[in-house]
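Sequential numbering of the sequence shown, starting at 3, is according to this note's numbering. All C-beta atoms, glycine included, are put in the ideal place defined by N, C-alpha and C.
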Amino acid sequence: MYWKRLNTLVEQHRLYLILFTLWIFGLTIIQLLYTQKDISLIINQSNTNFLDILCKYGTHIGDGLFAVAIALLIFWQKREYFLIAAIVFISSALFTQLLKHSLFSDFLRPINYVSEIASIHFVEGVTIHKYNSFPSGHSTSIFAVCAVLHFIIPNKKIGTALLLVAVFAGFTRIYLLQHFTIDVFVGSIIGTLFAVLIFPFNKQKA
Numbered sequence: 003m004y005w006k007r008l009n010t011l012v013e014q015h016r017l018y019l020i021l022f023t024l025w026i027f028g029l030t031i032i033q034l035l036y037t038q039k040d041i042s043l044i045i046n047q048s049n050t051n052f053l054d055i056l057c058k059y060g061t062h063i064g065d066g067l068f069a070v071a072i073a074l075l076i077f078w079q080k081r082e083y084f085l086i087a088a089i090v091f092i093s094s095a096l097f098t099q100l101l102k103h104s105l106f107s108d109f110l111r112p113i114n115y116v117s118e119i120a121s122i123h124f125v126e127g128v129t130i131h132k133y134n135s136f137p138s139g140h141s142t143s144i145f146a147v148c149a150v151l152h153f154i155i156p157n158k159k160i161g162t163a164l165l166l167v168a169v170f171a172g173f174t175r176i177y178l179l180q181h182f183t184i185d186v187f188v189g190s191i192i193g194t195l196f197a198v199l200i201f202p203f204n205k206q207k208a
C-alpha cells in the first residue's frame, strides 16, 4: 500500500517535483561551471540595499521556529496532516544536524575563505557563522515545509508557488555568506526527499 500511495503522490504532484528537479539540474550546471567560492563571491558582489533587507529578514523562514509555526498552523487548519508533517519536519532536521555534526563537522562556512577579500559585502546586523556548513539546515527545513504544504493545499497553483519561497530561502543563505551553494543544494534535496518518502505513510488523500 505504501508504494501505491507513493506513486499516487508523485503523480498528483508531478509539476512541483518536475520544477524541483529543474532547480536541482540548474544548480548542478552552475556548480560544474564555477567553484563554490566563485559562486559565493558572484552573488555577494551583486548586493543591493533591497536584497540586504530582503535576505536579512527573509532567511528566517528557514528557521526551525518557522517550521514549528507551520506545524501549528497545520494542526489548526488540517489536523489530520499534523502528525505526518511533524514527522517530516523533525526527521529531516535531525538527519541534517547529524550530518553537520558528525560526518561533515569539519566543513567550514564561506567566511573562512573570503574574509580577506577587501570588497566582500557584509549585511549589517547579520552574525556570520564559521563552522558546520554542510548541509544547510535552513534549506532542509524550508524545502520540507514547502513540499508538505504543497501536498496538503488543494490549490496546486498556490502550492507550486511555494517552491519559489523555498528557492528564495536557499538563495538568502548564499547571499548572507552563511552557506556555499552545495550546502543549499544538498539541504534542499534532503528536505524534499524526506517529505516525498514519508508523506505517503499518511493515509489521508492529498
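Buried versus exposed, by CB contacts within 10 Å (16 or more), residue i
i, result
"Ile192", "buried"
"Val12", "exposed"
"Lys6", "exposed"
"Phe16", "Just to set this straight, residue 16 is Arg in the shown sequence, not Phe. Exposed, by the Cβ-count rule."
"Leu75", "exposed"
"Gln180", "buried"
"Lys102", "buried"
"Leu29", "buried"
"Pro156", "exposed"
"Ser138", "buried"
"Ile63", "buried"
"Phe136", "buried"
"Asn46", "buried"
Three-way DSSP call (helix, strand, coil) for residue i in this model
i, result
"Pro202", "helix"
"Asp108", "coil"
"Tyr36", "coil"
"Asn157", "coil"
"Gln14", "helix"
"Gln180", "coil"
"Glu82", "helix"
"Phe124", "coil"
"His103", "helix"
"Thr50", "coil"
"Thr129", "coil"
"Asn134", "coil"
"Asp65", "coil"
"Ile31", "helix"
"Ile191", "helix"
"Ser141", "helix"
"Ser42", "helix"
"Ser117", "coil"
Beta-carbon separation (whole angstroms), residue i vs residue j, contact threshold 8 Å
i, j, result
"Lys80", "Ile154", "5 Å"
"Gly189", "Thr142", "4 Å"
"Val125", "Asp54", "5 Å"
"Ile200", "Ile92", "At roughly 10 Å, the Cβ-Cβ gap does not stay under 8 Å, so Ile200 and Ile92 are not in contact."
"Val90", "Ala146", "5 Å"
Through-space distance from residue j to residue i, alpha-carbon basis
i, j, result
"His140", "Met3", "32 Å"
"Phe77", "Asp40", "43 Å"
"Ile119", "Ile113", "10 Å"
"Thr183", "Ile176", "6 Å"
"Val150", "Phe97", "17 Å"
"Ser94", "Val116", "30 Å"
"Ile31", "His131", "27 Å"
"Asn49", "Phe203", "43 Å"
"Ala69", "Asn134", "21 Å"
"Ala71", "Phe106", "29 Å"
"Ile144", "Asp65", "8 Å"
"Ile160", "His152", "8 Å"
"Leu35", "Glu82", "45 Å"
"Phe170", "Arg111", "19 Å"
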